[in-house]
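Please read the structure below before turning to the comments.
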Amino acid sequence: MKAVIIGCTGATGRELVLQLLADPKISQVIVLVRRPFFSPDPKLLEVEVDFDKLEEYRPYIIGDIAFSTLGTTLAAAGSKEEQWVVDYDYQLKYAALAKLNKIPNFVLLSSAQASKTSRFYYSRMKGLLEDAIQALDFKKLTIVRPGPIDRPNTDRKGEKIAVKAINFLNKLGLLKTYKPISTMDLAMVIKDAAMDKKHREIDIYNPKEIWEELDQ
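Numbers in this note's numbering are just positions in the sequence shown, counted from 1, shifted up by 241.
Listed below in structure tokens is the structure:
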């Protein structure tokens with residue numbers, strides 16, 4: 242199988258790329274990046290793209306599975322409008338191009354609280370993106386909604402606080418299904434869920450399902 246990915250320079254995306262390259266069922270991994278990032282590998286095709294002109298790179302958005310692990314923070318983006326461009330516009334355009342190129346299987350890394358009716362901007366944005374991608378009607382769509390992600394050496398202050406808080410609550414026996422997940426484990430769930438042929442056309446993994454998948 243051939244896989245194509247955006248968001249592959251982030252902590253989870255980078256780990257997903259490495260796991261796909263190590264998987265004998267994957268013959269090629271196409272990564273769309275702003276600038277060179279990965280070490281050479283016989284199975285890897287690294288394509289430098291301008292995400293504002295993503296349609297120009299449609300010939301590279303090909304394969305059997307398309308993954309999106311793209312995302313940014315409000316602090317990094319600088320404004321809600323700029324965060325929307327990265328977290329919504331780029332990903333929806335990528336998904337639409339994957340659909341046009343007849344990629345049957347799409348995988349989206351979302352958020353545990355994603356909901357188009359949420360009063361929180363980030364969660365509402367993620368929920369609206371999920372709905373928009375579902376409307377594209379892929380043959381198989383997998384949406385993975387993790388709780389706090391334990392990223393190594395992260396500079397996301399909010400995430401650091403959330404991980405510490407949840408770890409403390411976990412020690413008290415609370416919110417066990419929302420315990421922080423490592424990028425390695427999350428990438429494993431994303432990859433395995435995408436390649437599981439037994440699941441429904443639209444398969445959503447909330448934290449409970451994510452930990453059930455890891456416990457199998």
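Even for Gly, the Cβ is constructed at its ideal location relative to N, Cα and C.
Handout entry: Candidates Q375, G248 and F308: closest to V348 by CA position
Key = The candidate whose alpha carbon is nearest that of V348 is F308.
Practice task
Taking I271 and G319 to be in contact with their CB atoms under 8 Å, please state how far apart those CB atoms are, rounded to whole angstroms.
Solution key: The Cβ separation is near 29 Å, so there is no contact.
Exercise for the section: Rounded to whole angstroms, what's the CA-CA distance from T358 to I374? Just pull it up for me. Expected result: 17 Å
Practice task
Buried or exposed for F379, please, with buried defined as at least 16 other CB atoms from any protein chain shown within 10 angstroms of its CB.
Solution key: buried
Handout entry: Status (buried if at least 16 other CB within 10 Å, exposed otherwise) for L341
Key = exposed
Practice task
Give a yes or no on whether the C-beta atoms belonging to L370 and Q332 are separated by under 8 Å.
Solution key: Yes, the pair counts as a contact, with Cβ atoms nearer than the cut-off.
Exercise for the section: Return helix, strand or coil for I374, following the three-state DSSP convention. Expected result: helix
Practice task
Assess, as a yes-or-no matter, whether the stretch 276-296 is touched by the stretch 431-451 under the definition of 3 or more beta carbon pairs within less than 8 Å.
Solution key: no
Problem - Status (buried if at least 16 other CB within 10 Å, exposed otherwise) for S268 - result: Answer is exposed; the Cβ neighbour count stays below 16.
Problem - Rounded straight-line distance, which links the Cα of G368 to that of F361 - result: When the Cα atoms are used, F361 and G368 turn out to be separated by approximately 11 Å.
Problem - Backbone secondary structure at A355 - three-state DSSP - result: coil
Problem - Simplified DSSP state of F292, which is helix, strand or coil - result: helix
Exercise for the section: Report yes if the CB atom of G251 is closer than 8 Å to the CB atom of G312, and no otherwise. Expected result: yes
Problem - CB of P299 within 8 Å of CB of L273, strictly - result: Correcting the residue identity first, residue 299 is Arg in this sequence and not Pro. In this structure, L273 does not lie closer than 8 Å to R299 by Cβ.
Handout entry: Reduced DSSP secondary structure (H/G/I, E/B, other) of S280
Key = coil
Practice task
Given a cut-off of 8 Å, decide if D391 and I422 are closer than it, judged by their beta-carbon atoms.
Solution key: yes
Problem - Candidates L261, Y335 and D330, of which the one nearest E297 by Cα - result: Y335
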